[in-house]
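A.B. asks:
Protein chains: 2
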Amino acid sequence: MALKRYERYADEISELIRTQALRPGDRLPSVRQASASRRISASTVFEAYYLLEARGLVQARPRSGYYVNAPRQPVQAEPLIARPAPQSTRVEISDLVFEVLGSTRQFEVVPLGSAFPSPALFPLDKLARSLTPAMRRLDARRMVQDLTRGDERLRQQIGLRYGVEGMGVNPAEIVITNGAMEALNLCLQAVTQPGDVVALESPTFYAALQALEHLKLRAVEVATHPRHGVDLASLAEVLQRHPVKACWFMPNFQNPLGSLMPDASKQALVELLARHAVPLIEDDVYGEMYFGLRRPLPAKAYDRSGLVLHCSSFSKCLAPGYRVGWVAGGRFAEKIQRLKLMSTLATAIPSQMAISDYLEGGGYERHLRQLRQSLIAQQALALELIARYFPAGTRVTRPQGGYFLWLELPLEVDALVLHRLALAQRISVAPGHLFSADQRFGHCLRLNYGHPSDARFEAAIKTVGALAGQLCGLAG
Amino acid sequence: MALKRYERYADEISELIRTQALRPGDRLPSVRQASASRRISASTVFEAYYLLEARGLVQARPRSGYYVNAPRQPVQAEPLIARPAPQSTRVEISDLVFEVLGSTRQFEVVPLGSAFPSPALFPLDKLARSLTPAMRRLDARRMVQDLTRGDERLRQQIGLRYGVEGMGVNPAEIVITNGAMEALNLCLQAVTQPGDVVALESPTFYAALQALEHLKLRAVEVATHPRHGVDLASLAEVLQRHPVKACWFMPNFQNPLGSLMPDASKQALVELLARHAVPLIEDDVYGEMYFGLRRPLPAKAYDRSGLVLHCSSFSKCLAPGYRVGWVAGGRFAEKIQRLKLMSTLATAIPSQMAISDYLEGGGYERHLRQLRQSLIAQQALALELIARYFPAGTRVTRPQGGYFLWLELPLEVDALVLHRLALAQRISVAPGHLFSADQRFGHCLRLNYGHPSDARFEAAIKTVGALAGQLCGLAG
Chain A
1 MALKRYERYA
11 DEISELIRTQ
21 ALRPGDRLPS
31 VRQASASRRI
41 SASTVFEAYY
51 LLEARGLVQA
61 RPRSGYYVNA
71 PRQPVQAEPL
81 IARPAPQSTR
91 VEISDLVFEV
101 LGSTRQFEVV
111 PLGSAFPSPA
121 LFPLDKLARS
131 LTPAMRRLDA
141 RRMVQDLTRG
151 DERLRQQIGL
161 RYGVEGMGVN
171 PAEIVITNGA
181 MEALNLCLQA
191 VTQPGDVVAL
201 ESPTFYAALQ
211 ALEHLKLRAV
221 EVATHPRHGV
231 DLASLAEVLQ
241 RHPVKACWFM
251 PNFQNPLGSL
261 MPDASKQALV
271 ELLARHAVPL
281 IEDDVYGEMY
291 FGLRRPLPAK
301 AYDRSGLVLH
311 CSSFSKCLAP
321 GYRVGWVAGG
331 RFAEKIQRLK
341 LMSTLATAIP
351 SQMAISDYLE
361 GGGYERHLRQ
371 LRQSLIAQQA
381 LALELIARYF
391 PAGTRVTRPQ
401 GGYFLWLELP
411 LEVDALVLHR
421 LALAQRISVA
431 PGHLFSADQR
441 FGHCLRLNYG
451 HPSDARFEAA
461 IKTVGALAGQ
471 LCGLAG
Chain B
477 MALKRYERYA
487 DEISELIRTQ
497 ALRPGDRLPS
507 VRQASASRRI
517 SASTVFEAYY
527 LLEARGLVQA
537 RPRSGYYVNA
547 PRQPVQAEPL
557 IARPAPQSTR
567 VEISDLVFEV
577 LGSTRQFEVV
587 PLGSAFPSPA
597 LFPLDKLARS
607 LTPAMRRLDA
617 RRMVQDLTRG
627 DERLRQQIGL
637 RYGVEGMGVN
647 PAEIVITNGA
657 MEALNLCLQA
667 VTQPGDVVAL
677 ESPTFYAALQ
687 ALEHLKLRAV
697 EVATHPRHGV
707 DLASLAEVLQ
717 RHPVKACWFM
727 PNFQNPLGSL
737 MPDASKQALV
747 ELLARHAVPL
757 IEDDVYGEMY
767 FGLRRPLPAK
777 AYDRSGLVLH
787 CSSFSKCLAP
797 GYRVGWVAGG
807 RFAEKIQRLK
817 LMSTLATAIP
827 SQMAISDYLE
837 GGGYERHLRQ
847 LRQSLIAQQA
857 LALELIARYF
867 PAGTRVTRPQ
877 GGYFLWLELP
887 LEVDALVLHR
897 LALAQRISVA
907 PGHLFSADQR
917 FGHCLRLNYG
927 HPSDARFEAA
937 IKTVGALAGQ
947 LCGLAG
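Sequence lines, in order, name chains A and B. Per our numbering, the very first residue in the first sequence carries number 1; after that it's consecutive. Per our numbering, the very first residue in the second sequence carries number 477; after that it's consecutive.
If you want it as structure tokens, here you go:
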């Protein structure tokens, strides 16, 4: 569903505030000025300003106008780029990941360590309502024929969304998968053999490490800037020195850093890999959760050689538990389809039907917009709480999308110890150890702010901050 | 849901007829005799006899009683046991499988080559109706927590069904998977490394061959009797001569032979493998589709050492397209759960909820009973048509369950040529080439009788039979 005019106008002003083109204390144009210069009605301007006020970005001063609020987030240093080990390594991370994940499953644990945002942020009831009618409309023969590539209507809807971003992706290139996790695994299998070297970001998402371990691949980690993503000079060096068979990167809101590669870097990345004939497995599951005005393009938008395998899913932004992801596999599409037929055969049809119906019915854009607004507000609060409660010297990222913060604690803090102490208080955190094959980020934490910013959340941040403070004290 | 008394009585008589304890022309006990000797009411006996008449097994002769009908299936030779090659081989079957499967996807093709029974045989509407209410009852936190092992209620329901069969399987041992295909793949990964040797039946299901190819495993094929399944003497020899790391067998209604291992053979199989410490990956997706009085036990019922990994699913007997299977992994359960977390993470929740609701609501037994009755009738008709229309010398199996017939045609018939000729007439068949790593069954066919026995089906069998006859003539 398209945004209303006042929402578009409010978004433009939000973006000006976010990028500091409008600064705290600045006065917004008067309603009359704005109405005249933008050729929109005064009531549209009013609605936009009300919305901005509701978001906490501006406040009305009686008989004076609307003014930009001071940002709630105090200025705190961001982490620096880390230099990973130059050699490639076998991956043996799973035992640790299982231990940490296994311990954080209970409902009563505050899920700061979770990989998912809160299910309360999703239109789960609306999706559930479409399940029965969608399945009853289905031609029963669809249940047993041509299952592997996935539902045609759903592939068309996904193709349309690429189209809106200006990308021409043929629905025939798309394979629907059991979440992005299967998509990424199929891609790895399509482009590598056991023993091959795969380049990852540093730090990287532990599931990428697990997938490499599972497929007996070696990892080489590439320096990754907390704001701007993969460092291309470092990547060029890695490509010179290692027989890299694939890269698995997240150009949009990388997990755990939240970094966003600028468009020019994405283009340069795709061109660099094309020169080396190295496929790019692009994990883009957070791309819809942007805080700016537009969805950042995937690297695939710059692909001319079919070497970019673009993976995404609905699990993080619409339908957790439905297990519907996809891959637009470029020149590897046919191979991916075959690999899927040999491993899981097909993706559950009820899940595909419900999502397909939901997309066709409209409302997805509005849902995403609300989701983004929630995440923007929750990030601001989380940053404020971290500044207040974490020990001096803590660095923290300031991502422009997604729902993760990456914290660099004072060097003497062992995040695995912190994880265990926090868990004893029924709070989970994701220790930095999980995010590198050589467990180099032992003083770092990933925190999930995608859960309601309530008193429980605030108390949990406060507790983790205090525990981190104690660990600094102990070491000193 | 438990069978009614008259249904149980009718089933007993059906079994006596099937095993020829009651022969064509024999008279059933009079209603008064049966009522007195069985201590059941006369109306119960009447209902049972009406049911047998409806099934076409008996007929009433006025003022005389009920008599067993002549079997519709004429006596035709069964195939003989095949002797597979003694050496293990790399598997390279996928291109052929893709070519054959890819060509048979169109709706208008009569699906004699399909691997699925007709969706018209399943309670798809009832399942669809439970999707929405089941999802709306779900605690949303379940959507993001503890996903990998699968829904607890569903695992309990599956555990109960093992219990009814007299097997104690702890629900904690069960992992819910994306169909049996994922279960089988996870099992292979849990017990083998690339390059290992895996023993398969001969002929075997092509998906097993594809899975081995995918995981770079070697196949050694074991002689398998068309009626009694894996030949244990041949297996013992194979175990002596090859470093077998796992067996992938289907003791119940093997695909494609339909063979059923007797209980004593299953027990001997499990004991033989235990002595060699070789895990058994048991593919039991057809076990519920038995034509006898009771579900045949899986080999896992005899497992004392945790070496049997029992895989099954709801895709072939209840809910195609829902992609819900499972594995009870014995001592490998934890490893399988980890492998799933690393590859597809979880199984779709809506599918699990719908099936869990359906099982709890009762009616599954009644559905299965109807399904079995349909398959019994359809097999009888298929055998009759094959006897009528296929060339002399054709041998055909007489499975006691499932929905496949395996035909051994005169040696000069190339089943791949037959497949192509049939496809030109919009009929699919599964050529024997697909069912062995060395494509040794080139004069064999697998035919699916799990689709409505209508005029279209009859015409298709007639056409394929005529084509086979022409191929004999051409070669002669």
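Note that beta-carbon positions come from the ideal geometry of N, C-alpha and C, so glycine has one too. Computed from a predicted model, the values in this text were never measured in an experiment.
Which of the three DSSP states is assigned to Pro-111 of chain A in this structure?
C.D. replies: In the structure shown, Pro-111 of chain A sits in a strand (DSSP, three-state: E or B).
A.B. asks: Is Gln-496 of chain B close to the ligand ZN? I mean its beta-carbon at under 7 Å from any heavy atom of the ligand.
C.D. replies: With respect to the ligand ZN, the structure offers nothing, as it holds no ligand at all.
A.B. asks: Within 8 Å of any Cβ in chain B, is that where the Cβ of Met-261 of chain A sits?
C.D. replies: False, the Cβ-Cβ gap to chain B never drops below 8 Å.
A.B. asks: Given a limit of 7 Å on CB to CB distance, which residues of the segment 199 to 212 of chain A reach chain B?
C.D. replies: Per Cβ criterion, the list reads Gln-210 and Ala-211.
A.B. asks: Under three-state DSSP, which class holds Tyr-479 of chain A?
C.D. replies: Since the first residue of chain A shown is 1 and the last is 476, residue 479 of chain A is not available in this structure.
A.B. asks: Can you name the residues that DSSP bridges to Gly-65 of chain A?
C.D. replies: DSSP output for Gly-65 of chain A lists A:Arg-61 as bridge partner(s).
A.B. asks: What's the C-alpha gap between Ala-822 of chain B and Lys-816 of chain B?
C.D. replies: C-alpha separation (whole angstroms): 7 Å.
A.B. asks: Would you mind working out which of B:Ser-827, B:Ala-524 and B:Arg-848 sits nearest Leu-131 of chain A, comparing C-alpha positions?
C.D. replies: Here the closest residue by C-alpha is B:Ser-827.
A.B. asks: Run the CB neighbour count on Asn-170 of chain A, radius 10 Å, all protein chains shown included, and call it buried at 16 or more, exposed below.
C.D. replies: Asn-170 of chain A should be labelled exposed.
A.B. asks: Classify Pro-555 of chain B: buried if its beta carbon has 16 or more other beta carbons within 10 angstroms, exposed otherwise.
C.D. replies: The residue in question, Pro-555 of chain B, is buried, as its Cβ has 16 or more Cβ neighbours within 10 Å.
A.B. asks: Please check if any C-beta of chain A sits within less than 8 Å of the C-beta of Gly-589 of chain B.
C.D. replies: For Gly-589 of chain B, the answer is no, since every Cβ of chain A falls outside 8 Å of its Cβ.
A.B. asks: Use the C-beta contact count for Gly-952 of chain B: other C-beta atoms within 10 angstroms, 16 or more gives buried, fewer gives exposed.
C.D. replies: Here Gly-952 of chain B scores only 45 on pLDDT, less than 50, and its place in the model is too uncertain to base an answer on.
A.B. asks: Which residue marks the beginning of the alpha helix (DSSP H) containing Glu-747 of chain B, and which one marks its end?
C.D. replies: Looking at the DSSP string, the run of the alpha helix (DSSP H) that includes Glu-747 of chain B is 739 to 751.
A.B. asks: Buried or exposed: Arg-61 of chain A, going by 16 or more other Cβ atoms within 10 Å of its Cβ?
C.D. replies: Arg-61 of chain A comes out exposed.
A.B. asks: Can you check which of these residues, A:Met-353, A:Arg-420 and A:Ala-199, is closest to Pro-133 of chain A by C-alpha distance?
C.D. replies: For Pro-133 of chain A, the nearest C-alpha among the options comes from A:Met-353.
A.B. asks: Using a Cβ-Cβ cut-off of 8 Å (strictly less than) and excluding sequence neighbours within five positions of Gly-557 of chain B, which residues of its own chain qualify?
C.D. replies: According to the sequence shown, residue 557 of chain B is Ile rather than Gly. So the qualifying residues of the chain are Ala-699, Thr-700, His-701, Pro-702 and Asp-707.
A.B. asks: If the cut is a Cβ gap below 7 Å, which residues of chain B does Thr-89 of chain A touch?
C.D. replies: By Cβ distance, chain B contributes nothing, its closest Cβ being about 18 Å from Thr-89 of chain A, past 7 Å.
A.B. asks: Would you kindly check if the distance between the Cβ of Arg-629 of chain B and the Cβ of Ala-348 of chain A is under 8 Å?
C.D. replies: In this structure, Arg-629 of chain B does not lie closer than 8 Å to Ala-348 of chain A by Cβ.
A.B. asks: When DSSP labels each residue in this structure, what does Phe-404 of chain A get in the three-state scheme?
C.D. replies: The answer is strand: DSSP assigns Phe-404 of chain A an E or B state.
A.B. asks: In chain order, what residues of the same chain have a beta carbon less than 7 Å from the beta carbon of Val-31 of chain A, not counting five sequence neighbours either side?
C.D. replies: Counting only Cβ-Cβ distances below 7 Å, and skipping sequence neighbours, we find Ala-42, Val-45 and Phe-46.
A.B. asks: Going by other Cβ atoms of all chains shown within 10 Å of its Cβ, with 16 needed for buried, is Thr-653 of chain B buried or exposed?
C.D. replies: So Thr-653 of chain B ends up on the buried side.
A.B. asks: Count the C-beta pairs between the segment 401 to 410 of chain A and the segment 250 to 264 of chain A that are closer than 8 Å, then say yes if the count reaches three, no if not.
C.D. replies: Yes, the segment 401 to 410 of chain A touches the segment 250 to 264 of chain A.
A.B. asks: Just by C-beta distance, which residues in the segment 781 to 808 of chain B are closer than 9 Å to chain A?
C.D. replies: If the cut-off is 9 Å between Cβ atoms, the segment 781 to 808 of chain B has Ser-791, Ala-795, Pro-796, Gly-797, Tyr-798, Arg-799 and Val-800 near chain A.
A.B. asks: Which residues of chain B have a Cβ atom closer than 9 Å to the Cβ of Thr-192 of chain A, listed in chain order?
C.D. replies: Within chain B, no residue comes near Thr-192 of chain A; the closest Cβ sits about 13 Å away, beyond 9 Å.
A.B. asks: Which same chain residues, not among the five before or five after Arg-137 of chain A, have their C-beta less than 6 Å away from its C-beta?
C.D. replies: So no residue of the chain qualifies.
A.B. asks: Per the DSSP calculation, Pro-907 of chain B is bridged to which residue(s)?
C.D. replies: According to DSSP, which records beta bridges pairwise, Pro-907 of chain B is partnered with B:Leu-921.
A.B. asks: Please state if the CB of Cys-472 of chain A and the CB of Pro-410 of chain A are separated by a distance shorter than 8 Å.
C.D. replies: Taking 8 Å as the Cβ cut-off, Pro-410 of chain A and Cys-472 of chain A qualify as a contacting pair.
A.B. asks: When you compare each of B:Leu-756, B:Leu-773, B:Pro-796 and B:Leu-498 to Gly-763 of chain B by their alpha carbons, which one comes out closest?
C.D. replies: Minimum Cα distance to Gly-763 of chain B is reached at B:Leu-773.
A.B. asks: I want to verify the contact list: residues of chain A whose CB lies under 8 Å from the CB of Gly-655 of chain B, in sequence order.
C.D. replies: Here the neighbours are Thr-344, Leu-345 and Ala-346.
A.B. asks: Using 8 Å as the limit for Cβ to Cβ distance, is Asn-185 of chain A near chain B?
C.D. replies: At least one chain B Cβ lies under 8 Å of Asn-185 of chain A.
A.B. asks: Around the Cβ of Thr-495 of chain B, are there at least 16 other Cβ atoms within 10 angstroms (buried) or fewer (exposed)?
C.D. replies: The residue in question, Thr-495 of chain B, is exposed, as its Cβ has fewer than 16 Cβ neighbours within 10 Å.
A.B. asks: With respect to the alpha helix (DSSP H) encompassing Val-164 of chain A, which residues constitute its N-terminal and C-terminal limits?
C.D. replies: 152 to 164 is the span of the alpha helix (DSSP H), which, as asked, contains Val-164 of chain A.
A.B. asks: According to DSSP, is Asp-26 of chain A helix, strand or coil?
C.D. replies: Correct three-state label for Asp-26 of chain A: coil.
A.B. asks: So with Cβ pairs under 8 Å, would you call Arg-129 of chain A a contact of chain B?
C.D. replies: So yes, Arg-129 of chain A belongs to the interface.
A.B. asks: Could you tell me which whole alpha helix (DSSP H) segments of length 4 or greater appear in the segment 675 to 719 of chain B?
C.D. replies: Complete alpha helix (DSSP H) runs here, min 4: 682 to 690 and 708 to 717.
A.B. asks: Would you report the Cα separation of Ala-77 of chain A and Tyr-682 of chain B, rounded to the nearest angstrom?
C.D. replies: Using only the alpha carbons, I get a separation of about 58 Å.
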